[in-house]
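These protein sequences, in sequence, are chains A and B. The first sequence begins at 455 in this note's numbering and counts up by one. The second sequence begins at 20 in this note's numbering and counts up by one. No residue lacks a Cβ here, since even glycine has one placed at the ideal position from N, Cα and C.
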Amino acid sequence: MVEEGPVSLSEAPTRRLGMIEAINEALDIMLERDPNVVIFGEDVGYFGGVFRATAGLQQKYGKNRVFDTPINECGIIGVAVGMGAYGLRPVPEIQFADYIYPGLDQLISEAARLRYRSAGEFTAPMTVRAPFGGGIFGGQTHSQSPEALFTHVAGLKTVIPSTPHDAKGLLIAAIEDNDPVIFFEPKRIYNGPFDGYYERPATPWARHPGSEVPEGYYSIPLGKARIVREGAALTVLAYGTMIHVAEAVLADKGVDAEIIDLRTLVPLDIAAVEKSVQKTGKCLVIHEATRTSGFGAELAALVQERCFYHLEAPIERVTGFDTPYPHSLEWAYFPGPIRIGEAVDRLLAAG
Amino acid sequence: MAGGRGKSGNKRGNLPPLELHVPEPKYRPGDTVDYSDLAIPPAGAQPRPDETCAPAETHPLCLDLIRVLDDDHRAVGPWDPRLDPETLRRMLRVMALTRAFDERMFRMQRQGKTSFYMKCTGEEATSVAAAFALADDDMVFPSYRQQGILIARGYPLVEMANQIYSNRADRLKGRQMPVMYSSRDFACFTISGNLATQYPQAVGWAMASAIRGDSRIAAGWIGEGSSAEGDFHAAMTFAAVFNAPVVLNVINNQWAISSFSGFAGSERTTFAARAIGYGVAGLRVDGNDALAVYAAVQWAADRARANAGPTLIEHFTYRAEAHSTSDDPSAYRSAQEREEWPLGDPVTRLGRHLIGLGEWSLEQQETMDREVAEEVRAATRQAEKNGILGQGLHHPFHTMFEDVYEELPWHLEEQAEQAIRERRLKWPGWEE
């Protein structure tokens, strides 16, 4: 399972890619491999997307496969449901996760329920891509992390990559999946593995091992976590940007932590979580999203239910605050090194 | 505060205080109904533009009412689809069968055999005649009141009854409320209880068909009440922008549960007139005139198939009965509305048209009514052998957890074990 490094690949030669390039490559490969794949969304066509994730794809595959849409998320998801019923495999982009709410009824009541309510006659094999998360001075409408909303919906899968390598393999797996997948891309790490020390110079992907991306097709199975770093002192459960922040903070503190990148929130790799927490006896959950009813609450409950007698300290949750994402005080909101460091200290002091 | 001052300090003159307009229907329970002010143009008087005309050419029709059957039940004017008598008789029979099915299933609900039912009485033409005008493999995205489409396409009544009873033979495994049918084989999308969601989906299906260079088109149905949903705007915008090969029907049956059409905007303009703002073709049709419905949908389907774009069709009709078995219209509208409805009954009108042609008789009508009632009775009895709601003959227990995802994830497998353990504790001898 997890310890195999659940990566299908790949004898293929690798190159250093950023996350946007890796996503673009995954889309390119799937457009090439599967004539049913269509990509659409606001500004994704001729222009190639505000983050450039679809750059060059319309030119390569034509307007029937890659096109712009009206600014109407209800319509974007709604037509994707209809296209899926026809037999296409739509990959709509929502320009920012913050904009996805007008499409929620189509996602929650429709896409997520088609297979169930039609007893398998109709499915919604769509992958909804959306950049999410803060740290880019996006204020409250370009910074949110709404993943917990989607994990609460029976029938949806929620996937969040943390490296270019994973972004490509997970996106290909998501597109091939016959269930609707919400694919949240941590936009703070589009261009480099942000470590949470915002005052330090940014580092590019090229220096990170996760930027080694094999050429060609490969997929990373959904529902499989990745052990970022093995360790004995405590278990960190995180995903997306917070993987890199956790890595940096724990390295700075010299803590021998085991860091697990969940990669898929639903279905969750519960075996990887259990195995690690049972080994370390301590668990730190980190996410950037607001705290109350965040996915960290679900993780804490699962760990408590399944690993209680292995726990040597209360489970710690480090999260964003229960406020809208502020513009000027962005770094006060962000669960950065200090907040994580305090939680680590409490865990290490306990037991 | 009335008569206040603006920021400049200037008084706003003698303007009256602002007033909120909350629409009110003309008639409430006990009121005498008078429809004489309802604009009903003569049959046959409406021009029929070419199917590939510019959208604007149809826009006068959005404020008109396309009618074919005149007061003497003759088919007149350019919209007469000139159907042969055999087709007319088949259409009449399907409408009668739909009505008989509704009456039977309504009674079965009252007898406690299922939880819920919805009739389409008085609106049969808007689904049956529309289905006749479409090809059988055109994809339909109905609301919950278009059972006539499935019946017109020959979907087995026993399958419909199985679904309504949520029994062991229900192809939807007892997961959906009654009447939320689904049939891929009959090109009928799974019906949703969330209103108007099917509208952008129909447009998406039509876009997919166009992407693929297919020849099939899509058609969607919503009520006038749910045309107020954002999904309507999403669908119209996408349909217009992408020139989608889709027919978008609004069934204006005057009532959305207890809210009259004024709460969806009918005091201001017609529902068909919304096409004007989007720049797509629009038609407004007498929904109780099966020939007019057929002609309008056929026109729109031909237009879509010719890459000439989408059409919005308002079917002007009347919901003759309650919203559903859970509703009591006597609490909010006048019973006289149905009796006085000036556009009559679609089944009666089509029957009289055929009689006028010398192709039908009252005796044939009586025979047909007996036959369709017997057909429905036989189908529902057969379905009841597979069980009725709440009597244990449902689908195997584990199916509750299946089809949430293509594969059963660990958390659902654990929850299924819990459910089955509860079952065994409650009924120790239970076996699937």
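Query	Result
Those runs of the alpha helix (DSSP H) which lie wholly inside the region 465-505 of chain A and span at least 4 residues	473-487
Cross-chain neighbours of A253 (chain B) in chain A, by beta carbon under 7 Å	N526, C528, G529 and G532
Residues within the region 630-641 of chain A neighbouring chain B, beta-carbon criterion of under 7 Å	N632 and D633
Beta-ladder partner(s) of M158 (chain B), from DSSP	B:A237
For W360 (chain B), the three-state DSSP class (helix, strand or coil)	coil
Neighbouring residues, chain A, relative to F257 (chain B) (Cβ below 9 Å)	T523, P524, N526, G529, I530, G532 and V533
Runs of alpha helix (DSSP H) wholly within the region 88-153 of chain B (minimum 4 residues, chain order)	104-129 and 143-152
Pairwise C-alpha distance: A327 (chain B) and A311 (chain B)	21 Å
Any chain A beta carbon closer than 8 Å to G22 (chain B)	Residue placement at G22 (chain B) cannot be trusted, given a pLDDT of 48 that sits under 50; what the coordinates show is reported in the next sentence. Chain A contact via Cβ: absent.
Interface partners of I724 (chain A) on chain B, CB under 8 Å	W429 and H430
8 Å Cβ cutoff, R400 (chain B) in contact with chain A	no
C-alpha gap between L568 (chain A) and S134 (chain B), whole angstroms	22 Å
Three-state class that DSSP yields for R293 (chain B) in the structure shown	helix
Chain A contact for A221 (chain B) (CB, 8 Å cutoff)	yes
For Y200 (chain B), the nearest candidate out of B:L111, B:T289 and B:V159 (CA to CA)	B:V159
The region 636-645 of chain A contacting the region 683-699 of chain A, beta-carbon criterion three pairs below 8 Å	yes
Where P663 (chain A) falls: helix, strand or coil (DSSP)	helix
CA-to-CA distance, D321 (chain B) to L412 (chain A), given in whole angstroms	Outside the shown range of chain A, which is 455 to 805, sits residue 412 (chain A), and nothing can be said about it.
Contacting residues, own chain, Cβ-Cβ under 8 Å from A438 (chain B) (five flanking each side not counted)	F416, M419 and F420
8 Å Cβ cutoff met for D573 (chain A) and D89 (chain B)	Here residue 573 (chain A) turns out to be Ala, not Asp, going by the sequence shown. No, Cβ-Cβ distance for A573 (chain A) and D89 (chain B) is not below 8 Å.
8 Å Cβ cutoff, P675 (chain A) in contact with chain B	no
Contacts that E564 (chain A) makes with chain B (C-beta to C-beta distance below 8 Å)	S211, N213, T216 and Q220
Whether A171 (chain B) touches F151 (chain B) by CB criterion (8 Å)	yes
Residue burial classification, G22 (chain B) (beta-carbon count within 10 angstroms, cutoff 16)	Only weak support exists for where G22 (chain B) lies, its pLDDT of 48 falling under 50; the value from the coordinates is given anyway. G22 (chain B) comes out exposed.
Check whether A743 (chain A) and T773 (chain A) have beta carbons under 8 Å apart	yes
According to DSSP, residues forming a beta bridge with K611 (chain A)	A:V635
Neighbourhood of S349 (chain B) by C-beta, 8 Å cutoff - its chain only, sequence neighbours within 5 removed	P48
Span of the beta strand (DSSP E) around F586 (chain A)	T581 to F586
Residue of B:E142, B:F205 and B:L444 minimising C-alpha distance to V366 (chain B)	B:E142
Coil, strand or helix - V52 (chain B) by DSSP	coil
Straight-line Cα distance separating S285 (chain B) from F335 (chain B)	11 Å
Beta-carbon contacts of N33 (chain B) that lie in its chain and below 6 Å, excluding the five residues immediately before and after	none
Neighbour-count burial assignment, A253 (chain B), 16 or more Cβ in a 10 Å radius	buried
Start-to-end residues for the beta strand (DSSP E) that takes in L688 (chain A)	L688 to A692
Proximity of A227 (chain B) and Y540 (chain A) at Cβ, strictly below 8 Å	yes
Below-8 Å beta-carbon distance, A438 (chain B) vs any chain A residue	no
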